[in-house]
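2 protein chains.
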Amino acid sequence: MIAAVFYQTTRGVSVGIVIPLEENRNPQASITPLMDLVSQDMLLVNQLILSKTGSDVQMIPEVAKHLIDSGGKRLRPMLTLASAKMCGYSGNHHITLAASVEFMHTATLLHDDVVDESDMRRGKSSARKLWGNQASVLVGDFLLGQAFRMMVDADSMGALAVLSNAASVIAEGEVMQLAAAQNMETNEDDYLAVIRAKTAALFSAAAEVGPIIAGAEKPVRDAFRSYGVNLGVAFQLVDDALDYGGSKQALGKNTGDDFREGKITLPVLLCYRRGSDQDRAFWKDAMENGSSSDEALLQANALMEKYGAIKDTISRARHYGQIARDALAPLPPSAHKDALLDVVEFCISRVS
Amino acid sequence: MIAAVFYQTTRGVSVGIVIPLEENRNPQASITPLMDLVSQDMLLVNQLILSKTGSDVQMIPEVAKHLIDSGGKRLRPMLTLASAKMCGYSGNHHITLAASVEFMHTATLLHDDVVDESDMRRGKSSARKLWGNQASVLVGDFLLGQAFRMMVDADSMGALAVLSNAASVIAEGEVMQLAAAQNMETNEDDYLAVIRAKTAALFSAAAEVGPIIAGAEKPVRDAFRSYGVNLGVAFQLVDDALDYGGSKQALGKNTGDDFREGKITLPVLLCYRRGSDQDRAFWKDAMENGSSSDEALLQANALMEKYGAIKDTISRARHYGQIARDALAPLPPSAHKDALLDVVEFCISRVS
Chain Y
223 MIAAVFYQTT RGVSVGIVIP LEENRNPQAS ITPLMDLVSQ DMLLVNQLIL SKTGSDVQMI
283 PEVAKHLIDS GGKRLRPMLT LASAKMCGYS GNHHITLAAS VEFMHTATLL HDDVVDESDM
343 RRGKSSARKL WGNQASVLVG DFLLGQAFRM MVDADSMGAL AVLSNAASVI AEGEVMQLAA
403 AQNMETNEDD YLAVIRAKTA ALFSAAAEVG PIIAGAEKPV RDAFRSYGVN LGVAFQLVDD
463 ALDYGGSKQA LGKNTGDDFR EGKITLPVLL CYRRGSDQDR AFWKDAMENG SSSDEALLQA
523 NALMEKYGAI KDTISRARHY GQIARDALAP LPPSAHKDAL LDVVEFCISR VS
Chain A
223 MIAAVFYQTT RGVSVGIVIP LEENRNPQAS ITPLMDLVSQ DMLLVNQLIL SKTGSDVQMI
283 PEVAKHLIDS GGKRLRPMLT LASAKMCGYS GNHHITLAAS VEFMHTATLL HDDVVDESDM
343 RRGKSSARKL WGNQASVLVG DFLLGQAFRM MVDADSMGAL AVLSNAASVI AEGEVMQLAA
403 AQNMETNEDD YLAVIRAKTA ALFSAAAEVG PIIAGAEKPV RDAFRSYGVN LGVAFQLVDD
463 ALDYGGSKQA LGKNTGDDFR EGKITLPVLL CYRRGSDQDR AFWKDAMENG SSSDEALLQA
523 NALMEKYGAI KDTISRARHY GQIARDALAP LPPSAHKDAL LDVVEFCISR VS
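Line by line, the protein sequences are chains Y and A.
For what it's worth, the numbering used here labels the leading residue of the first sequence as 223, then goes sequentially.
For what it's worth, the numbering used here labels the leading residue of the second sequence as 223, then goes sequentially.
Next comes the structure, spelled out in structure tokens:
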């Protein structure tokens, strides 16, 4: 698959370029090495996840399984497993913490769908569409409670400090996004603060708890934290770009969702700031009043192309991806390190 | 203030009785001794609560303060303070844990209002009415995250285990209640399971973390846990009774809220099970279809009186209150013990 992206040259000429997104991508840019390295541990994580969604209250496993089975890649728990192993950890607590991280993520998704009033999640009906807002809020709370119980099982106050901090920061980021919603004056720095909190904080915590339970030195912990936060920012920016540039099939969710929900993401910010007065009036109307027509989406995509907003969002993602790679650079070579470096490229070039 | 309650004798005669609820209540039945004993510590708890609702994201302190300032008695954190002191604790972590407990409670209230679609809370507009469901969900999540961060600060894995377990159980109880909603076949045991989870679990955890950080023996911990859970059940049952029998002013919330929301509580269960076919048809219609008219509420109250449902709900509450008192009986006498015993009676006789 390829994505055609158009941008404007300095002389105002629109030029089309084609970015290979899947078939021709860097053969190293794969998540497969990471998946292979952690596959045995991941089986245990999945077993634990299954057992911890169990409850006598029937609705809980139903809702939880709907979301957990819905085809996420479990990238975040894989970061925990790989970072622990890369630091020489030989116990079992990385399994427990990896499952905690996935539960925190799942709880966030459940609450996000309520907050965003989303009816779709990864190409399937969202939990709130199927079971209502009430169940989504409460099962999210249950999973968060279970996440903390598992952290207690992992018996590391250091890991608990990092993950409980992430829980606060994620919610803070979501509130920030809510407050910034429909405010076209949001600038790139504001937006980065939002995604650092709502997305990157969990990537960062997931990567940092590995070295913590392995008893690694502070510079090593710091390296993983930096890797995680920058990978998370890159991941979110690519997600934002894909919502305008990807294909429905490959994405597993409807392209244009962010636009229809009036979500101000980096592509929109760039378009708005670079646009004419007329363009800005279009964006203001679309974001503030929710112009959900197909015509409006077509016009939005045309403006994205005209101002190079997708291409530049991907460039920004590459920038953070590079910081993530450099964060791990001083660490000794290993298969796990190579796999984690590949994941950065994978996240940037991913279409599925 | 008095509440007039009518019940039916075994021979089918309706008899009115008057239960003194305020002016003539047992002079020992006061929360004042407990408040006096923990007042110095409570100042520190309040300071900590204030500082931990701080965030650069403006909406967070606004929403949090609205709820925190809205006149709750902070009974749960007082249980933590008193149980720690009663077990001879001399450090500062009881302050931190007490604040955690209050944050868990506040987060639950925020999410409850979303789930129940409540517009009022303690006689004031609910947060979801003022700031919307989105902010209520997310600020609840933030407060839960902050609660866990404070637990980490308290540096007791035992306290963390108890409180994280409570977080899961509370959410489980809420889901149970959701699943049982509008199901008139819910029986008293089902209902007790719901309130043990959604209300009593936090009372229990609040009381148990005191002896835990004080390093008390298992029988002492168990005594406080039993005290907490039974006090919590009694507290909830009285709440349920007050929603039909109290006065709006004294309650700080609208009498009849549970009825209008179609909430199946013990008074309703008792009325339904004891009623005629015609009565059952009334309750089914009211609970399942939401008969919110004043006439329906009057009829509901008349049925409550006819079948002694309020009186017997209060009797049930007294039963659990007695178990709570007996749970503490083996512990050595102290001012804190007396205050905790008084609180049981206070909860049962409270009207404000």
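Quick reminder that beta carbons are idealized off the backbone N, C-alpha and C, glycines included.
| Asked | Found |
| --- | --- |
| How many angstroms separate the CA atom of Leu562/A from the CA atom of Ser322/A? | 20 Å |
| Give the interface partners of Leu492/Y over in chain A, defined as CB-CB distance under 8 Å, in chain order. | Neighbours of Leu492/Y on chain A: none; closest Cβ ~24 Å, over 8 Å. |
| What are the start and end residues of each continuous alpha helix (DSSP H) run of 4 or more residues lying completely inside the stretch 251-295 of chain Y, in chain order? | 254-274, 281-290 |
| If we define contact as Cβ-Cβ less than 8 Å, is Glu410/A a contact residue for chain Y? | no |
| Would you kindly report the start and end of the unbroken alpha helix (DSSP H) that includes Gln521/Y? | 516-528 |
| How big is the Cα-Cα spacing for Pro555/Y and Ala388/A? | 44 Å |
| Report the residue from Leu352/Y, Gly362/Y, Phe325/Y whose alpha carbon sits nearest the alpha carbon of His333/Y. | Gly362/Y |
| Any Cβ of chain D within less than 8 Å of the Cβ of Glu407/Y? | Here chain D cannot be found, since the structure's protein chains are Y and A. |
| Taking Gly450/Y as the query, report the chain A residues whose CB atoms sit under 9 Å from its CB, ordered along the chain. | Those do not exist, as Gly450/Y stays about 18 Å from chain A at its closest Cβ, beyond 9 Å. |
| Expressed to the nearest angstrom, what Euclidean distance is found between the alpha-carbon atoms of Ala549/Y and Ala427/Y? | 15 Å |
| Would you mind giving the Cβ-Cβ distance between Val490/Y and Ala539/Y, rounded to the nearest angstrom? I have them listed as a contact below 8 Å. | Val490/Y to Ala539/Y, Cβ: 15 Å. No contact. |
| Pull up the DSSP beta-bridge partners for Arg343/Y, would you. | Lys346/Y |
| Give the straight-line distance between the Cα atoms of Arg479/Y and Asp465/Y, rounded to the nearest whole angstrom. | First, the residue type needs correcting, since residue 479/Y is Asp and not Arg in the sequence shown. Spanning the two alpha carbons is a distance of roughly 7 Å. |
| For His558/A and Val260/A, I'd like the C-alpha separation in whole angstroms. | 9 Å |
| Give the interface partners of Glu483/Y over in chain A, defined as CB-CB distance under 9 Å, in chain order. | Within chain A, no residue comes near Glu483/Y; the closest Cβ sits about 12 Å away, beyond 9 Å. |
| Can you tell me where the alpha helix (DSSP H) holding Ala389/Y begins and where it ends? | 379-402 |
| For chain Y, is any of its Cβ atoms less than 8 Å away from the one on Gln544/A? | no |
| Between which two residues does the alpha helix (DSSP H) carrying Lys533/Y extend? | 531-550 |
| Of all the residues that make up the stretch 320-338 of chain A, which are near chain Y by a beta-carbon distance shorter than 7 Å? | His333, Val336, Val337 |
| Measuring alpha carbon to alpha carbon, tell me which residue in Thr535/A, Ile417/A, Leu352/A is nearest Val336/A. | Leu352/A |
| Once you ignore the five residues that flank Ala429/A on each side, which residues in its own chain have a CB closer than 6 Å to its CB? | Leu301, Ser305, Phe446, Tyr449, Gly450 |
| Give me the Cα-Cα distance between Ser574/A and Val566/Y, rounded to the nearest whole angstrom. | Residue placement at Ser574/A cannot be trusted, given a pLDDT of 32 that sits under 50; the coordinates are not used to answer. |
| 8 Å is my cut-off, CB to CB: does Leu488/A come that close to chain Y? | no |
| Could you give the distance in angstroms between the alpha-carbon of Val267/A and the alpha-carbon of Leu365/A? | 15 Å |
| Of all the CB atoms in chain Y, is at least one closer than 8 Å to the CB of Leu473/A? | Here Leu473/A scores only 38 on pLDDT, less than 50, and its place in the model is too uncertain to base an answer on. |
| For Ala423/Y, count the other beta carbons within 10 Å of its own beta carbon; 16 or more makes it buried, fewer makes it exposed. Which is it? | buried |
| Distance cutoff 8 Å, beta carbons only. Does Ala383/Y sit that close to anything in chain A? | yes |
| Can you confirm whether the stretch 364-382 of chain Y touches the stretch 342-361 of chain A when touching is taken to mean that 3 or more C-beta pairs between the two stretches lie within less than 8 Å? | no |
| Listing by chain order, which chain Y residues have their CB less than 7 Å from the CB of Glu394/A? | Ser277, Val279, Ile282, Phe364 |
| Ser537/A: buried (16+ other C-beta within 10 angstroms of its C-beta) or exposed? | exposed |
| By a C-beta neighbour count over all protein chains shown, 10 Å radius and 16 as the cutoff for buried, is Gly437/A buried or exposed? | exposed |
| Classify Gln399/A: buried if its beta carbon has 16 or more other beta carbons within 10 angstroms, exposed otherwise. | buried |
| Might you give, ordered along the chain, the residues of its own chain that have their beta carbon closer than 6 Å to the beta carbon of Ala531/A, omitting 5 neighbours on each side? | Pro489, Leu492, Cys493 |
| With DSSP as the reference, label Thr330/Y as helix, strand or coil. | helix |
| Would Ala428/A pass as an interface residue toward chain Y - the criterion being a Cβ-Cβ separation below 8 Å? | no |
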